[in-house]
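Read left to right, the sequence shown gives residues 1 to 72 (our numbering). Heads up, the beta-carbon is just placed ideally off N, CA and C, and yes, glycines get one too.
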Amino acid sequence: MKHKPQFLTDANGNPNGNPAAVVLGLEVYKALLDELDDMASAAVYQAAKRKPATYLPRREAFAEIESLRKKT
C-alpha cells in the first residue's frame, strides 16, 4: 500500500522542528489497525502455546460448571 504520511512539527511551523504527529489516509490507518490486531492475536496465541496444557477430569469439570451455574 503506497502512502505519503504528513508530519506535523512542534516548532511553531518551522519545517525543521521535531515531528509531533503524523497524518495518514483513512485506508492506511485502517490497515495499520488490522495489522496491530493481528499482531496482538499472534502474541496471545504464542503466550498460550508456551504454557503447559492443563486438563480437568470430566467429573471435576462438570462439578465446577454446575457450581458456577448455581451461583448465577
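If the five residues before and after Y55 are omitted, its C-beta is found closer than 7 Å to no C-beta atom of its own chain. Between L33 and A21, the C-beta gap is not smaller than 7 Å, which leaves the two residues out of contact.
The continuous beta strand (DSSP E) containing A20 extends over residues 19-23. About 4 Å separates the beta carbons of Q6 and V23, which is inside the 8 Å limit, making them a contact pair. Bounds of the beta strand (DSSP E) holding L8 are 6-9.
Collapsing the DSSP output to three states places K70 in a helix.
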